[in-house]
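Here is the structure we will look at, set down as structure tokens.
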């Protein structure tokens, strides 16, 4: 079973936590490397890259920023690491090869 692991920080608890997904359970991947949603047979998770998170945080006011996070239905911030970058590339490559990718 091929898996991808992401090192993230929960938007709810602000704790670091690994997220592990089996590619065999992937049903849909939408978005881009900065903001994406992973839908599997058992769950759906929205991730935002740390750079995009900090850019939105510094650009939007407090209320608008939190509204953005809620409306985008995000679960966690994807920390900036080489391992995460490789996992994102692996996930997107797999999803595109198996016609599970959508830009929206």
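Residue numbers (my numbering): 1209 to 1312.
C-beta: ideal position from N, C-alpha, C; glycine also.
Item	Value
Selection from 1255, 1245, 1247, 1269 that minimises the alpha carbon distance to residue 1220	1255
Own chain, CB closer than 7 Å to residue 1298, minus 5 neighbours either side, in chain order	1212
Residues near residue 1302 by beta carbon distance below 6 Å, same chain, minus five either side	1231
Unbroken stretches of the alpha helix (DSSP H), 4 residues or longer, contained in the region 1265-1293	1270-1279
Nonlocal neighbours in the same chain, by C-beta distance under 7 Å from residue 1249, ignoring five residues either side	1233, 1235
Rounded C-alpha distance that separates residue 1294 from residue 1310	20 Å
Three-state class that DSSP yields for residue 1308 in the structure shown	coil
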